[in-house]
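Protein chains in written order, with the numbering used here: chain Z, 2 to 171; chain P, 2 to 171; chain U, 2 to 171; chain A, 2 to 171. Worksheet: one structure, shown below.
Number of protein chains: 4
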Amino acid sequence: MVIYLITTGGTIEKVYSEQTGTVQNLDNKIDRYLSRLRLPDADLRVVPLMNKDSLEMTDFDREVILSKIKELVPESAPIVITHGTDTMVQTGLYLQRALPQLTIPIVLTGAMTPLGFEGSDGLQNLTESLFAVRLLNPGIYVVIHNQSFPVDRVHKDQSLARFVWKDRTD
Amino acid sequence: MVIYLITTGGTIEKVYSEQTGTVQNLDNKIDRYLSRLRLPDADLRVVPLMNKDSLEMTDFDREVILSKIKELVPESAPIVITHGTDTMVQTGLYLQRALPQLTIPIVLTGAMTPLGFEGSDGLQNLTESLFAVRLLNPGIYVVIHNQSFPVDRVHKDQSLARFVWKDRTD
Amino acid sequence: MVIYLITTGGTIEKVYSEQTGTVQNLDNKIDRYLSRLRLPDADLRVVPLMNKDSLEMTDFDREVILSKIKELVPESAPIVITHGTDTMVQTGLYLQRALPQLTIPIVLTGAMTPLGFEGSDGLQNLTESLFAVRLLNPGIYVVIHNQSFPVDRVHKDQSLARFVWKDRTD
Amino acid sequence: MVIYLITTGGTIEKVYSEQTGTVQNLDNKIDRYLSRLRLPDADLRVVPLMNKDSLEMTDFDREVILSKIKELVPESAPIVITHGTDTMVQTGLYLQRALPQLTIPIVLTGAMTPLGFEGSDGLQNLTESLFAVRLLNPGIYVVIHNQSFPVDRVHKDQSLARFVWKDRTD
Numbered sequence: 002m003v004i005y006l007i008t009t010g011g012t013i014e015k016v017y018s019e020q021t022g023t024v025q026n027l028d029n030k031i032d033r034y035l036s037r038l039r040l041p042d043a044d045l046r047v048v049p050l051m052n053k054d055s056l057e058m059t060d061f062d063r064e065v066i067l068s069k070i071k072e073l074v075p076e077s078a079p080i081v082i083t084h085g086t087d088t089m090v091q092t093g094l095y096l097q098r099a100l101p102q103l104t105i106p107i108v109l110t111g112a113m114t115p116l117g118f119e120g121s122d123g124l125q126n127l128t129e130s131l132f133a134v135r136l137l138n139p140g141i142y143v144v145i146h147n148q149s150f151p152v153d154r155v156h157k158d159q160s161l162a163r164f165v166w167k168d169r170t171d
Numbered sequence: 002m003v004i005y006l007i008t009t010g011g012t013i014e015k016v017y018s019e020q021t022g023t024v025q026n027l028d029n030k031i032d033r034y035l036s037r038l039r040l041p042d043a044d045l046r047v048v049p050l051m052n053k054d055s056l057e058m059t060d061f062d063r064e065v066i067l068s069k070i071k072e073l074v075p076e077s078a079p080i081v082i083t084h085g086t087d088t089m090v091q092t093g094l095y096l097q098r099a100l101p102q103l104t105i106p107i108v109l110t111g112a113m114t115p116l117g118f119e120g121s122d123g124l125q126n127l128t129e130s131l132f133a134v135r136l137l138n139p140g141i142y143v144v145i146h147n148q149s150f151p152v153d154r155v156h157k158d159q160s161l162a163r164f165v166w167k168d169r170t171d
Numbered sequence: 002m003v004i005y006l007i008t009t010g011g012t013i014e015k016v017y018s019e020q021t022g023t024v025q026n027l028d029n030k031i032d033r034y035l036s037r038l039r040l041p042d043a044d045l046r047v048v049p050l051m052n053k054d055s056l057e058m059t060d061f062d063r064e065v066i067l068s069k070i071k072e073l074v075p076e077s078a079p080i081v082i083t084h085g086t087d088t089m090v091q092t093g094l095y096l097q098r099a100l101p102q103l104t105i106p107i108v109l110t111g112a113m114t115p116l117g118f119e120g121s122d123g124l125q126n127l128t129e130s131l132f133a134v135r136l137l138n139p140g141i142y143v144v145i146h147n148q149s150f151p152v153d154r155v156h157k158d159q160s161l162a163r164f165v166w167k168d169r170t171d
Numbered sequence: 002m003v004i005y006l007i008t009t010g011g012t013i014e015k016v017y018s019e020q021t022g023t024v025q026n027l028d029n030k031i032d033r034y035l036s037r038l039r040l041p042d043a044d045l046r047v048v049p050l051m052n053k054d055s056l057e058m059t060d061f062d063r064e065v066i067l068s069k070i071k072e073l074v075p076e077s078a079p080i081v082i083t084h085g086t087d088t089m090v091q092t093g094l095y096l097q098r099a100l101p102q103l104t105i106p107i108v109l110t111g112a113m114t115p116l117g118f119e120g121s122d123g124l125q126n127l128t129e130s131l132f133a134v135r136l137l138n139p140g141i142y143v144v145i146h147n148q149s150f151p152v153d154r155v156h157k158d159q160s161l162a163r164f165v166w167k168d169r170t171d
């Protein structure tokens, strides 16, 4: 089956720069890690859309993501979006408002530590998300750290570096 | 939530012996790899039951597995079983016949290449299985390589080193 | 044989902080990586002296390093010092001036990318340095990336992220 | 500087076969691991000569190795040979007898656990050997586990999975 993977940047794709000694969103690196997964029944199509720290993501960037999703929805294939964790829920809620009649599952995921760094959760979250979109009902979810959350029921706990449940009325 | 992980051996747990130059089921090694996963909402309870190549698994061994499951079922927690891939389906069908009124999901998983060997699919399959048991309905499944199969609809393709669909009437 | 390993920080020991999204010298992490090396004939004694970015290293810090070395020299065991690459040569030249009659080899090493990050050169440089101090004559060296340099013949090329030869008269 | 790396097989190059569940010398895999090392000053030339378990190495195979070395010696570049550990010393002594006037260092190395398997010593031994041939005097050595041994002073301790000193008169 076809699965789309839209990449937008965030910690999951950050790389260490030897010249500056900092971690930055420079190059797309998800492909290198996807090749470590066995996906014999998935026709995975990676769409590198942007490569931004999610704290720098603008309203315009979110329109670009929405526009790409609207283009893909008619294919009825599920979609995974990699995204920085700081504004992942904000983007998800924006998509939820803009797509009230959604007929496919869309999963937002990311990482607390970049792919390829010791202790990274990136490959775990990618693995779970690519699995989850095959089972979940239509809707928008955050999938991370062994859990799936409807996007309007979750927020990031910055100090714990994880996502936790919240009431829908928050 | 509580998740049980029953380990029985198989390729996923094999280790390389420097003295013999062969891979064998010697020590339980799943714990070391589980610590690489972030499972903040799971109370994972590992039950090392046996450590056998699945081609050497006997009827008695399958009774031991069944007996352990019967002991755990009243807790209503989902169960993942790691198992050699060669007779994984055989064990699953045995459990299915013995547990016609099952009220929890049971997932069988394993690996084509041992955990910790280059190109291993072990951590991917563990990640998927621990995620799947939270979403799947009661029943017995094989979860591997981005897919979940009801146990009576799957068989191993030895030459391709993967699992594929089969008709229920096989 | 006894080998001393004095750790002072630098990129080789930096860790990624999930709270700040930056790499920092927080905890000693060399021990975890040393356990990946087989050193059956070495009695390796790790001395964690400080944990600083080498750009923040002061004259006082260098006196602390010198003082520790003077304490160890009478044991006649070779010494490896892990150090940030930016001021590694500066520290090495300071030690060379202060220890004109040195009777043991002292090797300075470090890394361009922290231990445990994809593409890290840290374990390679540690491996080479622990090997080099067993073969080199008394004196002070930088050992990195398959090469050993007398400390007064080397400087860091920041843009290439490597060390290169220089004339002694520089 | 030019360094030759002649590969002959042995545990260091073994791969796990998913079809047979055994480790075998099938494909050359050293290149993939060499790319993890930073060797900015080395012009490394890999010569894949054969790919054999060293217990299956014949007199003819050793003649092939000797012949290749005789061809390379005039270039005055040092040589590393990867080789199974079981008969590494035997091959080294054969080369020593055949090359009494040797003008370059030749280092034999290998691994107790294949490259890419958890706990492998392969990359450590390659790193040490590529470093050692730049420092050692002409002669034939075994370099492994932080040590260098003249080939007539070493033997493998099978039960400890390491090399140890022996008297030359053995």
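Here a beta-carbon is modelled for each residue, glycine too, at the ideal position from N, C-alpha and C. Keep in mind that this is a model prediction, so the values were computed, not measured.
*If you follow the beta strand (DSSP E) that residue 148 of chain A is part of, which residue opens it and which one closes it?*
Annotation: the continuous beta strand (DSSP E) that includes residue 148 of chain A extends over 148–151.
| said: Helix, strand or coil, according to DSSP, for residue 172 of chain A in the structure here? | reply: Past the boundaries of the shown model lies residue 172 of chain A; chain A is included only from 2 to 171, so the question cannot be answered.
Closer than 8 angstroms, Cβ to any Cβ of chain A: which residues of the stretch 18–45 of chain P, in chain order? Cβ proximity to chain A below 8 angstroms picks out 19, 20, 22, 23 and 24 from the stretch 18–45 of chain P.
Check: Would you call residue 120 of chain Z buried or exposed, if buried means 16 or more other Cβ atoms sit within 10 Å of its Cβ?
Finding: Taking every protein chain shown into account, the CB of residue 120 of chain Z has fewer than 16 other CB atoms within 10 angstroms, so this residue is exposed.
Return the Cβ separation of residue 128 of chain U and residue 129 of chain A in integer angstroms, given the expectation that the two are a contact with Cβ distance under 8 angstroms. A Cβ-Cβ separation of about 6 angstroms places residue 128 of chain U in contact with residue 129 of chain A under the 8 angstroms criterion.
query: Which of the three DSSP states, helix, strand or coil, is assigned to residue 102 of chain Z?
result: Correct three-state label for residue 102 of chain Z: coil.
**Asked** Using a Cβ cut-off of 8 angstroms, which residues of the stretch 150–166 of chain A contact any Cβ in chain P, in chain order?
**Response** Within the stretch 150–166 of chain A, the qualifying residues are 159, 160 and 162.
- Neighbourhood of residue 76 of chain P by C-beta, 7 angstroms cutoff - its chain only, sequence neighbours within 5 removed: Result list for residue 76 of chain P: 3, in chain order.
| query | Measuring CB to CB, does residue 45 of chain P end up less than 9 angstroms from residue 96 of chain P? | reply | Going by C-beta atoms, residue 45 of chain P is not nearer than 9 angstroms to residue 96 of chain P.
**Item:** Beta-carbon spacing of residue 23 of chain Z, residue 23 of chain U below 9 angstroms
**Value:** In this structure, residue 23 of chain U lies closer than 9 angstroms to residue 23 of chain Z by Cβ.
Fill in: Contact list for residue 87 of chain U against chain A, beta-carbon separation under 8 angstroms
Within chain A, no residue comes near residue 87 of chain U; the closest Cβ sits about 18 angstroms away, beyond 8 angstroms.
Review point. Taking Cβ-Cβ distances shorter than 8 angstroms, what residues in chain Z pair up with residue 8 of chain U?
Key: In chain order: nothing, as chain Z lies at least about 17 angstroms away.
* Would you call residue 122 of chain A buried or exposed, if buried means 16 or more other Cβ atoms sit within 10 Å of its Cβ? -> Burial check for residue 122 of chain A: the Cβ neighbour count within 10 Å reaches 16 or more, so the residue is buried.
request  = Would you kindly report the start and end of the unbroken alpha helix (DSSP H) that includes residue 12 of chain Z?
outcome  = Premise fails: residue 12 of chain Z is in no alpha helix (DSSP H) and is neither H nor E.
* Whole angstroms is fine: what's the gap from residue 81 of chain Z's alpha carbon to residue 92 of chain Z's? => Straight through space, the alpha carbons of residue 92 of chain Z and residue 81 of chain Z are spaced by roughly 13 angstroms.
Suppose the cutoff is 8 angstroms on Cβ atoms and the five residues either side in sequence are ignored; what does the same chain contact list for residue 18 of chain P look like? Same-chain partners within the cutoff: 24, 25 and 27.
Residues in the stretch 128–144 of chain Z having any Cβ partner in chain U nearer than 7 angstroms
Flagged: no residues at all.
Please state whether DSSP places residue 113 of chain Z in a helix, a strand or coil. Residue 113 of chain Z falls in the coil class under three-state DSSP.
* Heavy atom of the ligand NAP less than 8 angstroms from the Cβ of residue 80 of chain Z, yes or no? -> Among the components modelled here there is no ligand, and therefore nothing to report on the ligand NAP.
- Query: Hey, would you say residue 34 of chain Z sits closer than 9 angstroms to residue 111 of chain Z, going by beta carbons?
  - Reply: Taking C-beta atoms as the reference points, residue 34 of chain Z and residue 111 of chain Z fail to come closer than 9 angstroms.
**Asked** For residue 38 of chain P, which residues of its own chain have a beta-carbon under 8 angstroms away from its beta-carbon, when the five flanking residues on both sides are left out?
**Response** In its chain, beyond the 5 residues on either side, 124, 127, 128 and 131 have a beta carbon closer than 8 angstroms to the beta carbon of residue 38 of chain P.
* Which residues mark the beginning and the end of the alpha helix (DSSP H) in which residue 130 of chain Z is found? -> Start and end: 123–133.
Exercise for the section: Compare the C-alpha of residue 70 of chain Z against each of Z/144, Z/99 and Z/13 and name the closest. Expected result: Between residue 70 of chain Z and the set Z/144, Z/99 and Z/13, the nearest pair of CA atoms involves Z/99.
| query | Thinking C-beta only, is residue 143 of chain P closer than 9 angstroms to residue 1 of chain P? | reply | Residue coverage of chain P in this structure runs from 2 to 171, which leaves residue 1 of chain P outside it and unanswerable.
Could you round the C-beta distance between residue 138 of chain P and residue 106 of chain P to whole angstroms and report it? I think they count as a contact, below 8 angstroms.
Your pair residue 138 of chain P and residue 106 of chain P checks out as a contact, with CB atoms roughly 6 angstroms apart and the cut at 8 angstroms.
Residue 78 of chain P versus residue 8 of chain P: straight-line alpha-carbon distance, rounded
Taking the straight line joining both Cα atoms gives about 16 angstroms.
Keeping to the same chain, check which residues put their C-beta closer than 6 angstroms to that of residue 57 of chain A; ignore five residues upstream and five downstream. Counting only Cβ-Cβ distances below 6 angstroms, and skipping sequence neighbours, we find nothing.
message = Please state whether the Cβ-Cβ distance between residue 115 of chain U and residue 12 of chain U is less than 9 angstroms.
response = Annotated as proximal: residue 115 of chain U and residue 12 of chain U, with beta-carbon spacing under 9 angstroms.
When the distance is taken between beta carbons, is residue 164 of chain P closer than 9 angstroms to residue 158 of chain P?
Closer than 9 angstroms, so yes.
Does the Cβ-Cβ distance between residue 10 of chain Z and residue 83 of chain Z come in under 9 angstroms?
The Cβ-Cβ distance between residue 10 of chain Z and residue 83 of chain Z falls below 9 angstroms.
Query raised in the report: Using the beta-carbon of each residue, which ones in chain A are nearer than 9 angstroms to residue 117 of chain P?
Result: What residue 117 of chain P touches in chain A: 118, 119 and 120.
Task: Separation of residue 49 of chain Z from residue 32 of chain Z, as counted between CA atoms - done: In this structure, the CA atom of residue 32 of chain Z is about 10 angstroms from the CA atom of residue 49 of chain Z.
- prompt: Do residue 41 of chain U and residue 40 of chain A have their C-beta atoms within less than 9 angstroms of each other?
  reply: Taking 9 angstroms as the cut-off, the beta carbon of residue 41 of chain U is found no closer than this to the beta carbon of residue 40 of chain A.
Within 9 angstroms of any Cβ in chain A, is that where the Cβ of residue 109 of chain U sits? It does not; no Cβ of chain A falls within 9 angstroms.
At a CB distance below 7 angstroms, what residues from the stretch 47–64 of chain Z approach chain U? Give them in sequence order.
Against chain U - using a Cβ distance shorter than 7 angstroms - the stretch 47–64 of chain Z contributes no residues.
*How would you label residue 88 of chain A, buried or exposed, when you count the other beta carbons within 10 angstroms and need 16 or more for buried?*
Its Cβ being crowded by 16 or more others within 10 Å, residue 88 of chain A is buried.
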